[in-house]
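Before any comments, here is the structure.
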Amino acid sequence: MDVILGEWRAAERHLQAAETGSPEATLAEADVRRLRDEYRRAQLAAVGDAPAG
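Residue numbers are given in our numbering: position 32 of the sequence shown equals residue 77, and the series is strictly consecutive.
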């Protein structure tokens, strides 16, 4: 999950640096959404794998 989080943060930095409405911003927005969803799925999987207690 650390790798996903690092990539997500980098995508957010790219989004902030990109000019609003530019192709670069559009790609960065898509990356942010994809990585946010990927991180959420990884968290849910980790919770599902956690021992009960």
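For each residue, glycine too, the CB sits at the ideal point set by N, CA and C. Treat the numbers as computed from the prediction; the structure is a model and nothing was measured.
Of the residues 92, 53 and 46, the one whose Cα lies closest to the Cα of residue 79 is 53. Sequence-distant partners of residue 72 (beyond 5 residues in either direction) whose C-beta falls short of 7 Å from its own C-beta are missing from its chain. By the neighbour-count criterion, in which 16 or more other beta carbons inside 10 Å mark a residue as buried, residue 56 falls on the buried side. Under the three-state reduction of DSSP, residue 65 is assigned to coil, being neither helix nor strand.
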